[in-house]
Amino acid sequence: MSMPSGRWTSSRTSLRSSKISPTCLTPMTEPGLAPEAFRPLLGGPSVHALRIELLDVEPMVWRRFVVPSDTKLPKFNRMLETVMGWEGYHLHMFEVADLRIGRPDEFSADIIDERQLKLEQLLPRVGSRLQWSYGFGDGWEHAVAVEAIEAPSPDVRYPICAAGERACPPEDCGGVWGYEHLRAVVVDPAHPEHEHLRDWVGTGFDPDAFDQMAMTARLRRVR
Numbered sequence: 084m085s086m087p088s089g090r091w092t093s094s095r096t097s098l099r100s101s102k103i104s105p106t107c108l109t110p111m112t113e114p115g116l117a118p119e120a121f122r123p124l125l126g127g128p129s130v131h132a133l134r135i136e137l138l139d140v141e142p143m144v145w146r147r148f149v150v151p152s153d154t155k156l157p158k159f160n161r162m163l164e165t166v167m168g169w170e171g172y173h174l175h176m177f178e179v180a181d182l183r184i185g186r187p188d189e190f191s192a193d194i195i196d197e198r199q200l201k202l203e204q205l206l207p208r209v210g211s212r213l214q215w216s217y218g219f220g221d222g223w224e225h226a227v228a229v230e231a232i233e234a235p236s237p238d239v240r241y242p243i244c245a246a247g248e249r250a251c252p253p254e255d256c257g258g259v260w261g262y263e264h265l266r267a268v269v270v271d272p273a274h275p276e277h278e279h280l281r282d283w284v285g286t287g288f289d290p291d292a293f294d295q296m297a298m299t300a301r302l303r304r305v306r
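Here's what the structure looks like:
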């Protein structure tokens, strides 16, 4: 199966060498350098237009959304969980270059405390990107990139989900391989695991479902 143009194809690919999707909201000049018109005014409010993709899953699960640039990282993490459709009860981590950012404890002294940072500090420019991990057991990896930084529109209530496709996998389904197996089995009534996995995932799960307006409403409830 050919990969869609512009996507990050694997969590093993360095985010620093990846290219922004050609469908981005604003054309990119040099990676990491915002066009003049999209550099936020010094001291003025701004919003980040972002794209997130779930890595190694086909067909692609992705979202485009816009949030205030000064969002604190703990809240930004909850926004990522919400916009993708995760339930938020697993651990997470941000990775930028060689830095790991999350909630440190006595076993993780090398992790930078996310409570000290805001989105605009972690992703300061158009083209800035990071890797976001969710659920260390299943190992879901996501690529997040800045597609635009601009002044907020007075007619828009932020945050908003601007676009996207497909539902995220069910929680605790076994990671990328487990999800591929699940999708194959639930559409094959002859498979010996069909009835068991169909009952486990429930009849309400639709891998192709995505509701932009409902996602925006959920994003706005994040605190």
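Residues in the sequence shown are numbered from 84 upward in steps of one, following my numbering.
Ideal Cβ placement from N, Cα and C applies to all residues, glycine included.
It should be emphasised that the depicted structure is a prediction, and the values quoted were computed from it without experimental measurement.
- The beta carbon of isoleucine 194 sits closer than 6 Å to the beta carbons of Arg183, Gly185 and Pro187 from its chain, once the five residues preceding and following it are set aside; these are given in chain order.
- Relative to valine 229, the option among Arg212, Ser191, His279 and Pro253 whose CA is nearest is Arg212.
- CA-to-CA, the gap between methionine 167 and valine 144 works out to about 8 Å.
- Annotation for proline 142: Arg249 place their beta carbon closer than 7 Å to its own, counting only its chain and skipping 5 residues before and after.
- Residues His175 of the same chain have their beta carbon placed closer than 6 Å to that of asparagine 160, with the five preceding and five following residues left out of the count.
- Under DSSP, glutamate 178 shares a beta bridge with Arg183 and Gln214.
- For phenylalanine 159, the uninterrupted alpha helix (DSSP H) run begins and ends at 156-167, by DSSP.
- Apart from the 5 residues on each side of it in sequence, glutamate 254 sits with its Cβ closer than 6 Å to the Cβ of Glu170 in its chain, given in chain order.
- The shortest C-alpha to C-alpha distance from valine 305 to any of Glu136, Gly258, Tyr241 and Ile135 is the one to Tyr241.
- The shortest C-alpha to C-alpha distance from glycine 247 to any of Val268, Met298 and Gly257 is the one to Met298.
- DSSP, read as helix, strand or coil, puts valine 270 in coil.
- Counting C-beta atoms within 10 angstroms of its own C-beta, methionine 296 has fewer than 16 neighbours from the protein chains shown and is therefore classed as exposed.
- Boundaries of the alpha helix (DSSP H) around valine 284: 277-284.
- Valine 140 places its beta carbon 8 Å or farther from that of valine 268.
- The bridge partners DSSP lists for tryptophan 145 are Glu136 and Glu248.
- Taking glycine 127 as reference, the option from Arg134, Arg146 and Pro151 with the minimal CA-CA separation is Pro151.
- DSSP, reduced to helix, strand and coil, places histidine 264 within a helical segment of the structure shown.
- Going by DSSP, glutamate 203 is part of no beta strand (DSSP E) but of the alpha helix (DSSP H) stretching over 202-205.
- In the structure shown, alanine 300 falls within a helical segment according to DSSP collapsed to helix, strand and coil.
- When rounded, the separation of the alpha-carbon atoms in aspartate 282 and tyrosine 217 is 25 Å.
- In the DSSP annotation of this structure, the continuous segment of the beta strand (DSSP E) that includes alanine 226 starts and ends at 223-233.
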